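Enquirer: Following this message is one structure expressed as structure tokens.
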Amino acid sequence: MKTKEGKVREVESTADWESSLKEKKMIVVDFSAVWCGPCRMISPYFVQLSEEAAFKDIIFLKIDVDEVGEVAEKAGISAMPTFQVWKDGQKVDELVGASKEKLKELIQKHA
Numbered sequence: 529m530k531t532k533e534g535k536v537r538e539v540e541s542t543a544d545w546e547s548s549l550k551e552k553k554m555i556v557v558d559f560s561a562v563w564c565g566p567c568r569m570i571s572p573y574f575v576q577l578s579e580e581a582a583f584k585d586i587i588f589l590k591i592d593v594d595e596v597g598e599v600a601e602k603a604g605i606s607a608m609p610t611f612q613v614w615k616d617g618q619k620v621d622e623l624v625g626a627s628k629e630k631l632k633e634l635i636q637k638h639a
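Just so we're aligned: the sequence shown equals residues 529 to 639 in my numbering.
Spelled out as structure tokens, the structure:
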């Protein structure tokens with residue numbers, strides 16, 4: 529797994545995903561695709577959120593659904609962008625769409 533931008537880590541395999549879920553921190557995942565216009569539009573904002581002091585203890589992950597399709601399938605992704613919040617290996621919330629306000633609210637709700 530490599531750091532993409534800011535504090536966002538890019539999941540490159542199912543093994544990366546499974547090891548991330550074992551971490552004892554809140555995880556926010558951006559499921560996107562390179563061909564998805566709204567995904568490209570909100571991506572810089574996701575990076576910005578990852579760098580906010582209030583969210584310093586949160587793990588921010590990015591998953592390209594075309595590169596790691598198995599993970600996207602297991603997570604039940606059917607539209608992009610989809611943001612999911614995970615705690616203790618379980619999905620606790622989800623947001624579909626590229627709303628900056630709703631994304632920040634989602635993270636604040638579970639932080």
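For every residue, glycine included, the Cβ atom is placed at its ideal position computed from N, Cα and C.
Keep in mind it's a predicted model, so treat the numbers as computed, not measured.
Is the stretch 631-639 touching the stretch 590-600, taking contact as three or more C-beta pairs under 8 Å?
Expert: Cβ pair count under 8 Å is below three, so no.
Enquirer: Report the residue ranges of all beta strand (DSSP E) runs contained in full by the stretch 577-602; include only those spanning at least 3 residues, in chain order.
Expert: Within the stretch 577-602, the complete beta strand (DSSP E) runs of at least 3 residues are 587-592.
Enquirer: Verify whether the separation of the beta carbon atoms of D585 and F574 is less than 7 Å.
Expert: As a first step, residue 585 must be located in the sequence shown, where it is residue number 57. As a first step, residue 574 must be located in the sequence shown, where it is residue number 46. Cβ distance not < 7 Å, so D585 and F574 don't count as in contact.
Enquirer: Hey, out of V556, T542, Q618, whose CA is closest to A639's CA?
Expert: Position 111 of the sequence shown, counting from 1, holds the residue named residue 639. It is V556 whose Cα lies nearest to the Cα of A639.
Enquirer: Quick check on DSSP: helix, strand or coil for V556?
Expert: Against the sequence shown, residue 556 aligns to sequence position 28. Correct three-state label for V556: strand.
Enquirer: For the ligand ATP, any of its heavy atoms closer than 6 Å to the Cβ of I570?
Expert: As presented, the structure is devoid of all ligands, the ligand ATP included, so that no description of it is given.
Enquirer: Would you kindly report the start and end of the unbroken alpha helix (DSSP H) that includes E629?
Expert: As a position in the sequence shown, residue 629 is number 101, starting the count at 1. Where E629 is concerned, the enclosing alpha helix (DSSP H) stretches over 628-638.
Enquirer: If you drop the 5 nearest sequence neighbours on each side, which residues of the same chain put their C-beta closer than 7 Å to that of K535?
Expert: Translated into positions along the sequence shown, residue 535 becomes position 7. Taken in chain order, the residues that qualify are S578, E579, F588.
Enquirer: So if DSSP puts L623 in a beta bridge, which residue, or which two residues, is it bridged to?
Expert: Along the sequence shown, read from residue 1 onward, the residue named residue 623 stands at position 95. The partner list for L623 (beta bridge, DSSP) reads F611.
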